[in-house]
Every structure is written in structure tokens, then in C-alpha cells.
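**Student:** Pasting a structure here, questions to come.
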Amino acid sequence: MVARTHFRTCTLCEAMCGLQLEIEGERVVSVKGDPDDPLSRGHICPKGPALVGLHEDPDRLRQPQRKTATGWKSIGWDEALDEAATRLHAVQEKHGRHAVAAYIGNPAVHNLGTVLYAPSLLRTLGSRYRYSATSVDQLPQMLAAYLMFGHQLLLPVPDIDRTDHMVILGANPLVSNGSIMSSPDIKRRLKDIQDRGGRVTVIDPRRTETAELADRHLFVRPGSDAWLLLSMLHVVFEQDRVELRHLEAVLKNMGPLRAAVEPFSPERAAGPTGIDAPAIRRLVEDFMAAPRAVLYARVGVSMHPFWGLCHWLVNCFNLLTGNFDTEGGSMFATPAFDIVGSAKALGIGGGSFGRWHSKVRGLPEFGGELPVATLAEDLERDDEDPIRGFVTIAGNPVLSTPNGRRLETALEGLEFMLSVDFYINETTRHADLILPPSGPLEHSHFDVVFHALAVRNTAKYSPPAFDIRQDQRHDHQIIAGIERRLLEARGAPRRAQAAVWARERLGPEAIVEFGFRVGPRGFGGGLRKGLRGLSMSRLRREPHGVDLGPLQPCMPARLPARRGGATPHIDLAPEPMLEDLARLEASEHDLTNHQLQLIGRRQLRSNNSWMHNVPKLASGKPRCTLRMHADDAKRLGIRDGQDVEITSRVGTITAPVELGDELMLGVVSLPHGFGHHRPGTRLRVATERAGVSINDLTDDQRTDGLSGVAAFSGVPVTVTPSRPE
Ligand SMILES: Nc1nc2c(c(=O)[nH]1)N[C@H]1C(S)=C(S)[C@@H](COP(=O)(O)OP(=O)(O)OC[C@H]3O[C@@H](n4cnc5c(=O)[nH]c(N)nc54)[C@H](O)[C@@H]3O)O[C@H]1N2
Ligand SMILES: Nc1nc2c(c(=O)[nH]1)N[C@H]1C(S)=C(S)[C@@H](COP(=O)(O)OP(=O)(O)OC[C@H]3O[C@@H](n4cnc5c(=O)[nH]c(N)nc54)[C@H](O)[C@@H]3O)O[C@H]1N2
Ligand code: SF4
Ligand SMILES: [Mo]
Numbered sequence: 119m120v121a122r123t124h125f126r127t128c129t130l131c132e133a134m135c136g137l138q139l140e141i142e143g144e145r146v147v148s149v150k151g152d153p154d155d156p157l158s159r160g161h162i163c164p165k166g167p168a169l170v171g172l173h174e175d176p177d178r179l180r181q182p183q184r185k186t187a188t189g190w191k192s193i194g195w196d197e198a199l200d201e202a203a204t205r206l207h208a209v210q211e212k213h214g215r216h217a218v219a220a221y222i223g224n225p226a227v228h229n230l231g232t233v234l235y236a237p238s239l240l241r242t243l244g245s246r247y248r249y250s251a252t253s254v255d256q257l258p259q260m261l262a263a264y265l266m267f268g269h270q271l272l273l274p275v276p277d278i279d280r281t282d283h284m285v286i287l288g289a290n291p292l293v294s295n296g297s298i299m300s301s302p303d304i305k306r307r308l309k310d311i312q313d314r315g316g317r318v319t320v321i322d323p324r325r326t327e328t329a330e331l332a333d334r335h336l337f338v339r340p341g342s343d344a345w346l347l348l349s350m351l352h353v354v355f356e357q358d359r360v361e362l363r364h365l366e367a368v369l370k371n372m373g374p375l376r377a378a379v380e381p382f383s384p385e386r387a388a389g390p391t392g393i394d395a396p397a398i399r400r401l402v403e404d405f406m407a408a409p410r411a412v413l414y415a416r417v418g419v420s421m422h423p424f425w426g427l428c429h430w431l432v433n434c435f436n437l438l439t440g441n442f443d444t445e446g447g448s449m450f451a452t453p454a455f456d457i458v459g460s461a462k463a464l465g466i467g468g469g470s471f472g473r474w475h476s477k478v479r480g481l482p483e484f485g486g487e488l489p490v491a492t493l494a495e496d497l498e499r500d501d502e503d504p505i506r507g508f509v510t511i512a513g514n515p516v517l518s519t520p521n522g523r524r525l526e527t528a529l530e531g532l533e534f535m536l537s538v539d540f541y542i543n544e545t546t547r548h549a550d551l552i553l554p555p556s557g558p559l560e561h562s563h564f565d566v567v568f569h570a571l572a573v574r575n576t577a578k579y580s581p582p583a584f585d586i587r588q589d590q591r592h593d594h595q596i597i598a599g600i601e602r603r604l605l606e607a608r609g610a611p612r613r614a615q616a617a618v619w620a621r622e623r624l625g626p627e628a629i630v631e632f633g634f635r636v637g638p639r640g641f642g643g644g645l646r647k648g649l650r651g652l653s654m655s656r657l658r659r660e661p662h663g664v665d666l667g668p669l670q671p672c673m674p675a676r677l678p679a680r681r682g683g684a685t686p687h688i689d690l691a692p693e694p695m696l697e698d699l700a701r702l703e704a705s706e707h708d709l710t711n712h713q714l715q716l717i718g719r720r721q722l723r724s725n726n727s728w729m730h731n732v733p734k735l736a737s738g739k740p741r742c743t744l745r746m747h748a749d750d751a752k753r754l755g756i757r758d759g760q761d762v763e764i765t766s767r768v769g770t771i772t773a774p775v776e777l778g779d780e781l782m783l784g785v786v787s788l789p790h791g792f793g794h795h796r797p798g799t800r801l802r803v804a805t806e807r808a809g810v811s812i813n814d815l816t817d818d819q820r821t822d823g824l825s826g827v828a829a830f831s832g833v834p835v836t837v838t839p840s841r842p843e
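Take the sequence shown: its position 136, counting from 1, is numbered 254 in my numbering, and each next residue is one higher.
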């Protein structure tokens, strides 16, 4: 049997760990961290080796599946792609262009084929009803980037390898392995901060795994972070400690920002946040005293009704304390494939906000899509402009978006639903046709997204570990295949059809190569030197990847030209943010006057909703438990380990309770991505440990008033001991 060693990037999370696979014939016999990968330096987590479980999973689909009266039936690819295009076309012919909605899930950004090909299909579909996991995730960060810097993809990352004080707000990177901060081996990187005399502070309603490692942990009341951030900026102004460094000339609206934060003293923020004023002042003092410091915030402050404000304020705090675009502060990656520079060519664009609004609740469009919290009510509409067709690519919105029960009912009313996915899961079971792409070891990869969000500039290409069988297709082939047939069905010009055909034939590598040639424009000379000679053929010769060095200052050169001819600048006080402050002030007393608040909890062996079918990851004691403070439990007459009923405005679920002292009083926590008991799925391992879905409790009507993004965190709930049957 032929034995070989294969190196590749793990695509399961944002850390981009280098993997070293030993392969004998058709079998992977071992998976280890690749010590020569310049970013991950040998690190992996338990999910890396689980790629093999995914590869070998007997439940993973390889051939197109058509739903029939007697169950799923395998069909050929030509027939399947023809059917997909014909039926989408028929729905649009009958009900109009906007009658087909689409949802793109999280793994789509971890897959080169979907990243590069899906935007074009969406453009061709031409519907304004586009949704994605962005609006249950990083949209507020993109909104802040769009309004402040002029480009939705200019997302700063913490320069963790050189900072002296890192403040982590609403993120648990020890478990999530870092997000909008690709930083494999995060534990070591955080310990290195401490070893060089620096400190780590965590601000979180739960004493998380990351908080355990930190030098300081502050409990913060869920949903109150905007108060905290405003008061932190208040202190900077009050003490006259604003330090602008090299960006002074491009910063606009300092006066309005100063006026906006004036009313928010730490003394006032103490009430809503639950953090006393001296602790807030000390936090800011320590931050300003550190030679290099960075404030980093992630989904914990992106999932409540004021998350739009938070990421604006985080950027302002780093900017005003002189920790922006400087070593050890909040910086931008300058990747070989510059997704910012290439955004237009890829059909992604620099951003847009509020060009249209959802029909039922009037939530704003962002970057061409609507908040997914409106998906169910949009599908339910029965007016002159109904949605009757639906496409999902790499997503499981029934488990991952608010009020999943309402959504799954709405999916039943469609005329045609198409899913590009390799599992029959809680969402795709509703499809009429499932087109399964190749698995993660069967396709090539170059990370155009996460190289751009990494704490160090590197570049790496992974060829497929295994060839696909004759009867399999890659995501990019499926997506381009549908698009080309859709154009054909519409009688589009031959030129347009030929362009899609050419892209399909060329494959994603050719587009990456093109990206290397055209980018990166406007960067400093040093970076250009590092990139000289970078090409697909060089990357193919360097299986561990290429190191392009630490993050480098790149501002203001990288700021894009503004609409209407305004010069590139950084807006410290965008109008929509200032306007939203009134809503925040009006909520001051709601926060301290609540019942129990439910928050989420990511787990190391889990990955949103879709890795629960790999036996090695699913084993161990059940993880879908409600964590609660023992004092809250006592008050409510709840015993450790018993089943409890958790009730919100939209539903009730039952889960076992685990007591401890790691949660703030009044806060309970449940992981997301479970609830695999729905009938009709083909997830034999996951179904055995089904758990319950937190998103049967989260409320589609509870959104951030600014961006319309789902407010998963801090959901008001009641918890009662479960009545025995
Ligand atoms: N309550 C609550 N809800 C949450 C969150 C939370 O913290 N709390 N987190 C939110 C966040 S941050 C996110 S990103 C979303 C995720 O939400 P989704 O993206 O909707 O859900 P996933 O569980 O990632 O579903 C991934 C799907 O993609 C398929 N898939 C995997 N790889 C590929 C591939 O290469 N190609 C194709 N075509 N399909 C593939 C899988 O089989 C699975 O069906 O969930 C959100 N939901
Ligand atoms: N193992 C594993 N890794 C993952 C994933 C996974 O499902 N499992 N998902 C991936 C995805 S899609 C993403 S987006 C990233 C997310 O990466 P992270 O942002 O690091 O995600 P979480 O671990 O959910 O951390 C959010 C933290 O916010 C806290 N929190 C909740 N509400 C509030 C609040 O109101 N204020 C504050 N300050 N904190 C709050 C929670 O207690 C939690 O500790 O992780 C990725 N990595
Ligand atoms: S940390 Fe993320 S990238 Fe690294 S092995 Fe685990 S899942 Fe893969
Ligand atoms: Mo996410």
C-alpha cells in the first residue's frame, strides 16, 4: 500500500491550523499538527483529527438526492443540476425575480469554492431576499468598518503577539480558537503576553476558560457592553489622554464623539453593567499605562440589542488610546490575496446600508442582504411579492437562527427548496433537492478570508488529499453549474453563459492567482517586497505555507475613496451610531430589571450545528446542559442534574441543569447547535445525543435596533423544575 504524507490547512474554524496527515492508500492513519506551519507552529485542537471522521462518515452524501413520495432517491449530476436551474427559473417566472430567497451559512467562508463562486450565483438570481450567517455573527463589526473606514471588510485584528495588555470583551478564544483573529495556539499566545510582563483581562458574564487564564476577570451584565465602552471613552476624554499618533490627519468628528460619550460616566455605567465605577476607571488606567495595548471584542458583544454600537466604540477606544494600526494594538492583516482590494472584482463590494428594508418589520439591508431574523416572516408573507423558492448553501438556519421552530414551519410552504450540503440535517430535510459537494479532504484550499483576519501574515495552499470520485462534484462546480443553466433557461446572451463556463473550468486556483497579481495595492513598500514572487506555483512547492511576517501598519494608505468624492478618512462619529444612542439611554432601566437572562456557550468539541455526527467528537458526557449559579438554583428550588423547563416568549425546552459558580448571578447558559431530534434527518450519531436547540427559545423579534442582527444573548427566560411525566 502506498504511504504518503499530506499537509493542509484545517478549514473547520478560523485558526487555520496546519495539519500533517499520514495516508495509506485510501485511509488516513494519523493526523498531527504541522510543526513547520508558520502560523500554527504545530498546534491543533480535537476537531482537526475529526476531519477524518467527517471524510469517512457513512451519512455524508456524495450523490444528488431528490425528495420523492417514498423517500430520498439518488440521481445523476446532469439531471440534478438541470432540475435545480429549471425549478428556480420556474419560480421566478411565475412569481418574479424576488420570489427566490437564499441563505449562505458559515462554512461557505471556509471553502474557497463557495467564497469565490457564490456571489456570482446570487447576483444572477437577482433577489433582494438574501440572508447569511453574517447577520447572526459579525455584521456589527462589518457595519462599524463600513461606516468608520468606508469598507465593510476592513476588519482590524489584535496584534496579540506583540501586545502588553489584551482586554477581551465577549469572546472565549480558548474554546473558539479565536474569531476575526485567526490565532492558532491561542493559549500559548496569551501566556506569552503574561510571560513578557503583560496582562490579559476578560470581561464576560461567565468566568470562561479564557477568564481562568487571565490576570483579571470582570463580570458584566449581558447586553450592557455599550454602557461600559461609552464610559471607558468618557474616562479617556475626561483625563485628557487622547493620543492620535499617525492617524490624526484622517480622523473626522472628534468633537461629536466627545459630546456623545460625555453623559456616560463610569458612575452611571455601573448600574447597567454591574461593574463598579472604580473598576472601570482602573481598567482604563491600566490600558493607557501599558506601552502597547489592545481591546478585542467578538460575538458576545455582537449578539444583543445594542451590538451595533459596541464595535464602533471598540474601534474608537483603540484609536483614541493610540493603539490602532500600531504594533501591539488593533491592526490590519495585509494578505497576499487582498479581499478588500479584490472585493469589487469578486462581486462583494465595499458595503452598503439601508438601501432597502424588509417588508414586514422594516429591518435594513446591509451589504446586499437582509437580517436573517426576518427570514421566517419573509417566507410567511402571502402578498403580491411572495417568496416561493429557497436556496441554502452550507447553512443550517433551523438550528442556527432565532426562533427555528417558526422557520421550519415556514419552509414547509415553499414551492421549491434547494440545498447545497452534504448532510440531510434539520434544515436540508425540508429541501426538494440536495446537491452534496466534496468533503473537506477532497478539495483544494487557499484561505482568502481568514488570511485577511490573521494575527500574522502568511499564505498557504492545500491541494486535495483525495481525488473525488467520478460521481462527485465540488462546491464551485455545483454553484457555477446552477448559474450557467439558470442563464441558459432565461435565454441569457451566450457570452454571459460562456463566462460562467470558463470560470467553472478554470477553477478557484486561477482566481487566486489572479488575485496575487492584482493585489495588494496601496500597501507599504515592505509588504510588497515580502510578496514578490508569490504565486500558486510557489505555494504548491511550499506545502507548509509561506511566512510573510508580523502585522504591519498600513493606514491611512489602505482607506478607500469615499462615495461622493470625499477624501479617505476615519469617521469617529457616524450619524447612524450617534442616533442609536437615544435608544440605548431609553433602555437604561430595562437592564437592571429583568428575570433570568440566557446566554450561549461554545464548546471545544463542537462547531456550530454540524460536527455532532462525528463519533469521536460526540462521545463523552452529554454537553447540552443548562449551566446556572448554585445560588440562583437554590432560590428557584432546582437541584444539580435535574431536568428543567426553560421558557422564553417563543417557546419552552427541557434540558438537564449543571450548577456551579462560574456564571454571573441571574445569568444561565446553554450551548447552541443542538436539537437533533427532528425527524427526517440522516445524522445517526448526532440523533443519539440530540440535545435541545437554544434557538427554539431565542426570539426572531428581538434584534439590534440599529442593524437588525439577532439578539441571541441575554434572552429573558424563566427556569422551573421539570414536572415528572
Ligand atoms: N443561539 C445562538 N445561535 C447562533 C450562535 C450563537 O452563538 N448562539 N452563533 C451564530 C454563528 S456565529 C454562526 S456563524 C451561525 C452558523 O450558522 P450556519 O452557518 O447556518 O450553521 P452551521 O451549523 O455552521 O451549518 C453548516 C452547514 O454547512 C454544511 N457544510 C459544511 N461544510 C460545507 C462545505 O464545504 N460545503 C457546503 N456546501 N456545505 C458545508 C454542514 O453540513 C451544515 O449543514 O450560527 C449562529 N447561531
Ligand atoms: N469549538 C468551537 N469553536 C468555534 C465555534 C464553535 O461552535 N465551537 N464557532 C465558530 C464561530 S462561527 C464563531 S463566530 C466563533 C466565535 O468566537 P467567540 O467570539 O470567541 O465565541 P464564544 O465562545 O461564543 O464567546 C462569546 C463570549 O461572550 C460571552 N457573552 C455572552 N453575552 C455577553 C454579553 O452581553 N457581553 C459580554 N461582554 N460577553 C457576553 C459568552 O459568555 C462567551 O464567553 O467561534 C468559532 N469557533
Ligand atoms: S483550532 Fe480550528 S483550525 Fe485548528 S485544528 Fe481545531 S478546528 Fe482546526
Ligand atoms: Mo460564526
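Virtual Cβ for every residue (Gly too), placed ideally from N, Cα, C.
Report whether the distance from the Cβ of Gln721 to the nearest heavy atom of ligand 2 is below 8 angstroms.
**Tutor:** On the sequence shown, residue 721 is found 603 positions in, with the first residue counted as 1. Yes, the beta carbon of Gln721 sits closer than 8 angstroms to at least one heavy atom of ligand 2.
**Student:** Does the distance from the C-beta atom of Leu696 to that of Val368 stay below 9 angstroms?
**Tutor:** Here residue 696 refers to the residue found at position 578 of the sequence shown. Here residue 368 refers to the residue found at position 250 of the sequence shown. Cβ atoms of Leu696 and Val368: not closer than 9 angstroms.
**Student:** Answer yes or no: do Thr836 and Pro520 have a C-beta to C-beta separation smaller than 9 angstroms?
**Tutor:** On the sequence shown, residue 836 is found 718 positions in, with the first residue counted as 1. On the sequence shown, residue 520 is found 402 positions in, with the first residue counted as 1. No. Outside cutoff.
**Student:** Relative to the C-alpha of Ser250, which residue among Val509, Ala804, Asp665 and Leu702 is closest?
**Tutor:** If you number the sequence shown from 1, residue 250 lands on position 132. The candidate whose alpha carbon is nearest that of Ser250 is Val509.
**Student:** Under a Cβ-count criterion, where at least 16 other Cβ atoms within 10 Å of its own Cβ denotes burial, should Ala329 be classed as buried or exposed?
**Tutor:** The residue you call residue 329 lines up with position 211 of the sequence shown. Under this definition Ala329 is a buried residue.
**Student:** Could you compute how far the alpha carbon of Glu606 sits from the alpha carbon of Pro323?
**Tutor:** Residue 606 sits at position 488 when you count from the first residue of the sequence shown. Residue 323 sits at position 205 when you count from the first residue of the sequence shown. C-alpha separation (whole angstroms): 54 angstroms.
**Student:** Taking 6 angstroms as the limit, name every residue whose beta carbon sits nearer than that to some heavy atom of ligand 3, in sequence order.
**Tutor:** Cys128, Leu130, Cys131, Ala133, Met134, Cys135, Ile162, Cys163, Lys165, Gly166, Asn295 and Pro302
**Student:** Just to confirm, does Ala251 get its C-beta within under 8 angstroms of one of the non-hydrogen atoms of ligand 5?
**Tutor:** Looking at this structure, you won't find ligand 5 anywhere; what it does contain is ligand 1, ligand 2, ligand 3 and ligand 4.
**Student:** If you run the structure through DSSP and keep just helix, strand and coil, what is Met299?
**Tutor:** Taking the first residue of the sequence shown as position 1, residue 299 is located at position 181. Of the three classes helix, strand and coil, the one that applies to Met299 here is coil, per DSSP.
**Student:** Hey, Gly296 and Ile304 are a contact pair by Cβ (cut 8 angstroms); roughly how many whole angstroms apart?
**Tutor:** Numbered from 1 along the sequence shown, position 178 holds the residue referred to as residue 296. Numbered from 1 along the sequence shown, position 186 holds the residue referred to as residue 304. About 5 angstroms separates the two Cβ atoms, so the contact holds.
**Student:** What is the C-beta distance between Phe125 and His662, in whole angstroms, given that I count them as a contact (C-beta under 8 angstroms)?
**Tutor:** Position 7 of the sequence shown holds residue 125. Position 544 of the sequence shown holds residue 662. Right, their Cβ atoms sit about 6 angstroms apart.
**Student:** Under 8 angstroms: do the stretch 616-630 and the stretch 540-550 share three or more Cβ pairs, one atom per stretch?
**Tutor:** Contact between the stretch 616-630 and the stretch 540-550 is absent, because fewer than three Cβ pairs lie under 8 angstroms.
**Student:** Taking only runs of the alpha helix (DSSP H) that begin and end inside the stretch 401-468, which ones reach a length of at least 4 residues, in chain order?
**Tutor:** 425-438 and 457-464
**Student:** With distances taken Cα to Cα, identify the nearest neighbour of His747 among Pro153, Gly288 and Leu777.
**Tutor:** Position 629 of the sequence shown, counting from 1, holds the residue named residue 747. His747 has its Cα closest to that of Leu777, out of Pro153, Gly288 and Leu777.
**Student:** Would you mind reading off the limits of the alpha helix (DSSP H) that contains Ser294?
**Tutor:** The sequence position of residue 294 within the sequence shown is 176, counting from 1. Counting along the chain, the alpha helix (DSSP H) containing Ser294 begins and ends at Pro291 to Ser294.
**Student:** For Thr821 and Arg479, I'd like the C-alpha separation in whole angstroms.
**Tutor:** Reading the sequence shown from its first residue, position 703 is the one you call residue 821. Reading the sequence shown from its first residue, position 361 is the one you call residue 479. For Thr821 and Arg479, the distance between alpha carbons rounds to 11 angstroms.
**Student:** DSSP puts Tyr235 in a beta bridge; with which residues?
**Tutor:** As a first step, residue 235 is located in the sequence shown; it is residue number 117 there, counting from the start. Per DSSP, none; premise fails for Tyr235.
**Student:** For the stretch 377-395 against the stretch 338-350, are there 3 or more C-beta pairs whose distance is under 8 angstroms?
**Tutor:** yes
**Student:** For Ala828, tell me which candidate among Gln256, Val412 and Leu438 has the shortest Cα-Cα distance.
**Tutor:** Residue numbering aside, residue 828 sits at position 710 when the sequence shown is read from its first letter. The shortest Cα separation from Ala828 among Gln256, Val412 and Leu438 belongs to Gln256.
**Student:** Figure out for me which residue from Arg410, Ala512 and Glu498 has the closest Cα to the Cα of Arg523.
**Tutor:** Sequence index remark: in the sequence shown, residue 523 carries index 405 (1-based). Answer by Cα proximity: Glu498.
**Student:** Taking 9 angstroms as the threshold (C-beta atoms), are Ala494 and Gly288 in contact?
**Tutor:** Numbered from 1 along the sequence shown, position 170 holds the residue referred to as residue 288. Numbered from 1 along the sequence shown, position 376 holds the residue referred to as residue 494. For Gly288 and Ala494, no; Cβs fall outside 9 angstroms.
**Student:** What does a CB cutoff of less than 8 angstroms around Asp310 pick up in its chain, not counting 5 residues either side in sequence?
**Tutor:** Position 192 of the sequence shown holds residue 310. Answer for Asp310: Asp279, listed in chain order.
**Student:** Mapping the DSSP letters down to three states, classify Gly640 as helix, strand or coil.
**Tutor:** One-based indexing of the sequence shown puts residue 640 at position 522. With a pLDDT of 37 at Gly640, under the threshold of 50, the predicted position of this residue should be treated as unreliable, and no value is reported.
**Student:** Nearest by alpha-carbon distance to Gly531: which of Val573, Pro504, Met673 and Lys165 is it?
**Tutor:** Taking the sequence shown and counting its residues from 1, the one referred to as residue 531 is at position 413. Answer by Cα proximity: Pro504.
**Student:** Would you check if the distance between the CB atom of Gln270 and the CB atom of Gly485 is smaller than 9 angstroms?
**Tutor:** Indexing the sequence shown from 1 puts residue 270 at position 152. Indexing the sequence shown from 1 puts residue 485 at position 367. Yes, these two residues count as a Cβ contact at 9 angstroms.
**Student:** Any heavy atom of ligand 4 closer than 8 angstroms to the Cβ of Asn229?
**Tutor:** Numbered from its first residue, the sequence shown carries residue 229 at position 111. Every heavy atom of ligand 4 is 8 angstroms or more from the Cβ of Asn229, so no.
**Student:** Suppose the cutoff is 8 angstroms on Cβ atoms and the five residues either side in sequence are ignored; what does the same chain contact list for Arg399 look like?
**Tutor:** Position 281 of the sequence shown, counted from the start, is the residue given in the question as residue 399. The residues are Val353 and Pro384.
**Student:** Is Arg676 helix, strand or coil when you go by DSSP?
**Tutor:** As a position in the sequence shown, residue 676 is number 558, starting the count at 1. Coil.
**Student:** Touching or not, the stretch 154-168 and the stretch 572-583, by the rule of three or more beta carbon pairs under 8 angstroms?
**Tutor:** yes
**Student:** Would Pro692 and Trp425 qualify as a contact pair, given that the criterion is a beta-carbon distance under 9 angstroms?
**Tutor:** Residue mapping note: residue 692 aligns to position 574 of the sequence shown, counting from 1. Residue mapping note: residue 425 aligns to position 307 of the sequence shown, counting from 1. Contact flag unset, no.
**Student:** Is Gln588 buried or exposed, if buried means 16 or more other CB atoms sit within 10 Å of its CB?
**Tutor:** As a working mapping, residue 588 is identified with position 470 in the sequence shown. Gln588 comes out exposed.
**Student:** Mind checking who Met284 pairs with in its DSSP beta bridge?
**Tutor:** What you label residue 284 is simply residue 166 of the sequence shown in a count that begins at 1. Paired residues: Val318 and Val412.
**Student:** Anyone know if the C-beta pair for His274 and Ser448 falls short of 9 angstroms?
**Tutor:** Residue mapping note: residue 274 aligns to position 156 of the sequence shown, counting from 1. Residue mapping note: residue 448 aligns to position 330 of the sequence shown, counting from 1. In the sequence as presented, His is not what sits at residue 274; that position holds Pro. In this structure, Ser448 lies closer than 9 angstroms to Pro274 by Cβ.
**Student:** Any contact of the stretch 595-613 with the stretch 203-210, i.e. 3+ C-beta pairs under 8 angstroms?
**Tutor:** A contact exists between the stretch 595-613 and the stretch 203-210.
**Student:** Comparing C-alpha positions only, which one of Ala202, Gly341 and Leu137 sits nearest to Gly784?
**Tutor:** Position 666 of the sequence shown holds residue 784. Looking at the Cα atoms, Gly341 is the closest of the given residues.
**Student:** Is the beta carbon of Thr281 closer than 9 angstroms to that of Arg410?
**Tutor:** The count along the sequence shown starts at 1 and reaches residue 410 at position 292. The count along the sequence shown starts at 1 and reaches residue 281 at position 163. Yes.
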